[in-house]
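**Q** Numbering (the working numbering), first residue to last: 1 to 149.
Shown below is the structure under consideration.
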C-alpha cells in the first residue's frame, strides 16, 4: 500500500493506525516500534532519520518538478509543476504548470487556442475556484506520484 506522507504529523498518524491495526489482531505494538515501522515503510533506516527528513518538508500539496495530470478547461493533460506559492493564510495555492503537450482550450472547430504553460489558484484538494460558464472548474489537478524524493 502506498501512503502520501510528507510531514511528521502524517507519519505519527500512520503510526497510530498501525497500533490500532495491531490491537485488532490482538497484538501489542509500542508507539516507538510503530514509528520505526512507518520509517521503514517510507524507505528510511530509522525513525530519527525519517523525522529529520520529514521536518524539512514544506506543508504544501505540490513540489516544483513534480509530475501531475488532470483536466484544464475540460481537456486532459499531463505535465510538471513549474511553480507553487501559498496564498494568504494557507487558503490555497497558486500553481504554474507546464504541460507535456499543448492543450487546446477553445471548444470551436474553426480555430484553436493552444496553451502549454498555465497558472491557476487551487484549493488543497487541487481544484480551482474559477469555473467555466457551465460550472466546470478550470483546473482539476492530481499528483501522479506521491512518493518522497
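Note that the Cβ used here is the ideal one computed from N, Cα and C, for glycine as well.
Model, not experiment: these values are computed from the prediction.
Identify which residue in 73, 18, 54 and 111 has its Cα closest to the Cα of residue 105.
**A** In the chain shown, residue 105 corresponds to position 105, counting from 1. It is 73 whose Cα lies nearest to the Cα of residue 105.
**Q** Looking only at C-alpha atoms, which of 94, 98, 35 and 124 sits nearest to residue 13?
**A** Position 13 of the chain shown holds residue 13. Nearest option by C-alpha distance: 35.
**Q** I think residue 144 touches residue 68, with their Cβ atoms under 8 Å apart; what is that distance to the nearest whole Å?
**A** Indexing the chain shown from 1 puts residue 144 at position 144. Indexing the chain shown from 1 puts residue 68 at position 68. That belief holds up - the Cβ atoms of residue 144 and residue 68 are roughly 6 Å apart, short of 8 Å.
**Q** Considering only C-alpha positions, which residue in the set 70, 48 and 139 is nearest to residue 11?
**A** Taking the chain shown and counting its residues from 1, the one referred to as residue 11 is at position 11. Per the Cα distances, 48.
**Q** Quick one, which of 138, 119, 118 and 134 has its alpha-carbon nearest residue 127's?
**A** Within the chain shown, residue 127 is the residue found at index 127, counting from 1. If we check each option's Cα against that of residue 127, 138 comes out closest.
**Q** Between which two residues does the alpha helix (DSSP H) containing residue 73 stretch?
**A** Counted from its first residue, the chain shown places residue 73 at position 73. Unbroken run through residue 73: none, as it is neither H nor E.
**Q** Below 8 Å CB to CB, which residues in the same chain sit around residue 70 once its five sequence neighbours on both sides are set aside?
**A** Here residue 70 refers to the residue found at position 70 when the chain shown is read from its first residue. Contacts found: 76, 77, 126, 139, 140, 141 and 142.
**Q** Which partner residues of residue 121 appear in the DSSP bridge assignment?
**A** Taking the chain shown and counting its residues from 1, the one referred to as residue 121 is at position 121. 94, per the DSSP bridge assignment.
**Q** Cα separation between residue 89 and residue 122?
**A** As a first step, residue 89 must be located in the chain shown, where it is residue number 89. As a first step, residue 122 must be located in the chain shown, where it is residue number 122. So the two alpha carbons sit approximately 14 Å from each other.
**Q** Go ahead and label residue 64 buried or exposed: buried means 16 or more other beta carbons lie within 10 angstroms of its beta carbon, across all protein chains shown.
**A** Start at 1 with the first residue of the chain shown, and residue 64 comes out as number 64. Its Cβ having fewer than 16 others within 10 Å, residue 64 is exposed.
**Q** Throw me the rounded Cβ distance for the residue 31 and residue 15 pair, which I believe falls under 8 Å.
**A** On the chain shown, residue 31 is found 31 positions in, with the first residue counted as 1. On the chain shown, residue 15 is found 15 positions in, with the first residue counted as 1. At roughly 6 Å, the Cβ-Cβ gap stays under 8 Å, so residue 31 and residue 15 are in contact.
**Q** Would you mind reading off the limits of the alpha helix (DSSP H) that contains residue 38?
**A** Taking the first residue of the chain shown as 1, we reach residue 38 at position 38. Taken as a continuous stretch (DSSP letters only), the alpha helix (DSSP H) holding residue 38 covers 31-41.
**Q** For the beta strand (DSSP E) holding residue 143, just list the boundary residues, first then last.
**A** For the purposes of this step, residue 143 is identified with residue 143 of the chain shown, where counting begins at 1. 139-143 is the extent of the beta strand (DSSP E) around residue 143.
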